[in-house]
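Asker:
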Amino acid sequence: MSQFSDSLKSIRKQSDKKQREVAAYLGINIRTYQNYEGGQSEPSIPQLIKLADLFMVSLDELVGRDWIGL
5 MSQFSDSLKS IRKQSDKKQR EVAAYLGINI RTYQNYEGGQ SEPSIPQLIK
55 LADLFMVSLD ELVGRDWIGL
């Protein structure tokens, strides 16, 4: 799995949302969403933004990016 897929799955579980709910929100098939969480594919940038909005997290947090200042 990728850092993104691990982060996505963790954030979804913390939000108590089902995969089916998130897929419906994005307007995609549940299998496509499962592929995101399984690391087989990645969402488009507009879908990433929708996911961040749904889960009320930053894009950095969603993709599992730790920002370290200079």
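Here our numbering is used: position 32 in the sequence shown is 36, and no number is missing along the way.
Every residue, glycine too, gets a C-beta built ideally from N, C-alpha and C.
Bear in mind the structure is a predicted one, so any value in this text is a computation, not a measurement.
1) Can you confirm whether the segment 63-71 touches the segment 17-25 when touching is taken to mean that 3 or more C-beta pairs between the two stretches lie within less than 8 Å?
2) Any idea if ILE53 is buried or exposed, counting beta-carbon neighbours within 10 angstroms, 16 or more meaning buried?
3) Grab me the residues of SER6's own chain with a C-beta within less than 7 Å of its C-beta, minus the 5 sequence neighbours each way, in chain order.
4) If I follow the unbroken alpha helix (DSSP H) through ASP10, where does it start and stop?
5) Could you check how far apart the C-beta atoms of SER9 and TYR40 are, in whole angstroms? I think they sit under 8 Å.
Answerer: The answer reads as follows:
1) no
2) Taking the sequence shown and counting its residues from 1, one reaches residue 53 at position 49. Counting Cβ neighbours within 10 Å, ILE53 comes out exposed, since fewer than 16 surround it.
3) Reading the sequence shown from its first residue, position 2 is the one you call residue 6. Answer for SER6: GLY43, listed in chain order.
4) Within the sequence shown, numbered from 1, the residue matching residue 10 stands at position 6. It spans 7-18 - the alpha helix (DSSP H) in which ASP10 sits, taken as one unbroken run.
5) Position 5 of the sequence shown holds residue 9. Position 36 of the sequence shown holds residue 40. About 6 Å separates the two Cβ atoms, so the contact holds.
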